[in-house]
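> For any residue, its number in the numbering used here is found by taking its place in the sequence shown, counting from 1, and adding 750.
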Amino acid sequence: MSTDRQKSFTARLSHNTFAVCFYELTLEAVSFTANFRGRPTTVQGVSGFAGLKPSQYLCLNDKLYTNEGDLFYFRYRNGKYIIYVREQGTHYGKVIDQSNGWLLAGDNGVSFNLVNPNNHNQVMTLDDFPGATSQQLCLQSERGLVQDYDYVACDHSFSHSFLVTHGGRKSIPFNFEIVETNVPYVGNPEEV
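#1: What whole-angstrom Cβ distance do T831 and F862 have, given they're in contact under 8 Å?
#2: According to DSSP, is G931 part of a helix, a strand, or is it coil?
#3: Based on Cα-Cα distance, which residue from P939, V933 and V860 lies nearest to K757?
#4: Going residue by residue through the region 851 to 891, where are the continuous beta strand (DSSP E) segments of at least 3 residues, counting only ones entirely within it?
#5: Determine which residues share a DSSP beta bridge with L821 and list them.
#6: Compute the beta-carbon to beta-carbon distance between T875 and Y826, rounded to the nearest angstrom, for a pair I have assumed lies under 8 Å.
#7: Taking the alpha-carbon positions, what's the F909 to Y899 distance?
#8: Tell me the DSSP secondary structure of T816 in three-state form.
#9: For the beta strand (DSSP E) that Q848 lies in, which residues bound it at each end?
#10: I'd like to check one pair, L810 with A769: are the Cβ atoms closer than 9 Å?
#11: What residue range is occupied by the uninterrupted beta strand (DSSP E) comprising H910?
#12: In terms of alpha-carbon separation, which member of F912, L821 and Q872 lies closest to F926?
#13: Output yes or no for whether 9 Å exceeds the beta carbon distance between H765 and F924.
Take a look at the structure:
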């Protein structure tokens with residue numbers, strides 16, 4: 751029987767071509783300056799491009815490559831996983847929480863089960879896929895399976911969607927790119 755630390759790991763998540771991260775997309779307008787009747791004239795917002803805007807909410811985003819999403823620490827405790835943000839930045843050390851079904855970075859956090867995408871009744875831990883560097887799994891909280899909401903297109907090239915536990919389109923399987931296993935808490939590296 752493995753310990754809580756041995757069932758804990760860090761991973762980057764993705765779904766199809768979308769990275770899981772705390773960035774939504776925004777359209778960045780680009781000004782254009784040219785001579786008009788002998789005078790320089792600036793026209794605002796002639797063209798634009800999709801830019802990354804930090805978000806409090808967890809998103810799927812296809813402007814980032816799938817391996818550029820945020821790094822998450824899946825800490826096994828009391829039969830479930832608490833998900834911490836391990837990516838350097840605003841949300842580092844926060845946990846995944848939910849507010850009215852919306853997933854966000856918070857201080858309290860909710861626990862999740864990792865479930866088989868083909869059988870949502872089959873709860874899994876790291877023990878069920880030892881040595882794997884990639885695994886497809888769904889995330890399930892007490893409120894339900896994690897779902898994508900509506901996809902918002904930005905500049906006809908990229909789009910993003912917020913992640914929710916109810917009210918979304920459908921539950922989605924995530925590709926877990928496992929970075930490290932047997933990971934201790936940041937504040938307790940000597941944990942067994």
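Glycine included, every Cβ here is placed at the ideal spot set by N, Cα and C.
Model, not experiment: these values are computed from the prediction.
Let me spell this out:
#1: Looking at the sequence provided, one finds Tyr at residue 831 rather than Thr. That belief holds up - the Cβ atoms of Y831 and F862 are roughly 5 Å apart, short of 8 Å.
#2: Checking the displayed sequence, the identity of residue 931 turns out to be Thr instead of Gly. Three-state result, T931: strand.
#3: When each option's Cα is compared against that of K757, the closest is V933.
#4: Secondary structure within the region 851 to 891: the beta strand (DSSP E) runs of 3 or more consecutive residues, fully enclosed, are 852 to 856, 861 to 866, 869 to 874 and 884 to 891 (chain order).
#5: DSSP, once it has assigned bridges, lists R762 as partnering L821.
#6: Right, the Cβ-Cβ distance comes to about 6 Å (below 8 Å), so this counts as a contact.
#7: Note on residue identity: the sequence assigns Ser, not Phe, to residue 909. Distance between the alpha carbons of S909 and Y899 is about 12 Å.
#8: DSSP places T816 in helix when its eight states are reduced to three.
#9: For Q848, the enclosing beta strand (DSSP E) covers residues V845 to S849.
#10: Yes, the pair counts as a contact, with Cβ atoms nearer than the cut-off.
#11: F908 to V914 is the extent of the beta strand (DSSP E) around H910.
#12: Distances from the CA of F926 to each of F912, L821 and Q872 were compared; the closest alpha carbon is that of L821.
#13: In this structure, H765 places its C-beta atom within 9 Å of the C-beta atom of F924.
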